[in-house]
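Participant: This is the structure, below, for whatever I ask next.
What follows is the structure, encoded as structure tokens:
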């Protein structure tokens, strides 16, 4: 889980008394993404995650198309994508932290992500029905 570029460290201001530890870029035009992010926002009671909707984002670390192609998150100055980005986000949420820590193991990460990818089409159809 290495960063996709070597100098990806940013100094973000604190939110309340807690410093933001993860920044997440998400596709606000995707119904499934919106639901996933809404859940993460509810679970992020400490405000440790900065959620950036790519529909209105400016000053992103990568071009918009690259960020839309795969989920991206920044943790401790390192930019992650795909399953590793989800794991970084989970580590910032106390309830999901054990899952995020387990996902540092590449075998666990790929196994879990593979399971998710198999059910993702079903989740997308379900989300469209719920929103439609």
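In my numbering, the protein residues as written are 245 to 376. Idealized CB from N, CA, C, for every residue including glycine. Keep in mind it's a predicted model, so treat the numbers as computed, not measured.
1. For residue 335 and residue 351, what's the separation of their Cα atoms in angstroms?
2. According to DSSP, is residue 295 part of a helix, a strand, or is it coil?
3. So, helix, strand or coil for residue 329, using DSSP?
4. Buried or exposed, going by whether 16 or more other CB atoms sit within 10 Å of the CB of residue 255?
5. Could you tell me whether the Cβ atoms of residue 405 and residue 311 are closer together than 7 Å?
6. Give the single residue among 272, 287, 274, 277 whose Cα lies nearest to the Cα of residue 340.
7. Find out if the Cβ-Cβ distance for the pair residue 292, residue 265 is shorter than 7 Å.
8. For a test of the three-state rule: what should DSSP assign to residue 322, helix, strand or coil?
9. What separation, rounded to the nearest whole angstrom, lies between the Cα atoms of residue 294 and residue 364?
10. By the DSSP assignment, the beta strand (DSSP E) with residue 315 in it spans what residues?
11. With a cut-off of 8 Å on the beta carbons, I'd call residue 331 and residue 315 a contact; round off their distance for me.
12. Is DSSP giving residue 265 helix, strand or coil here?
Facilitator: According to the data block:
1. 17 Å
2. strand
3. helix
4. Caution is warranted here: a pLDDT of 41 is assigned to residue 255, below 50, making its placement in the model unreliable, and no coordinate value can be reported.
5. What the structure shows of the chain is the stretch from 245 to 376, and residue 405 is not part of that stretch, so it cannot be assessed.
6. 287
7. yes
8. strand
9. 24 Å
10. Counting along the chain, residue 315 falls outside any beta strand (DSSP E), and DSSP gives it neither H nor E.
11. That belief does not hold up - the Cβ atoms of residue 331 and residue 315 are roughly 11 Å apart, past 8 Å.
12. coil
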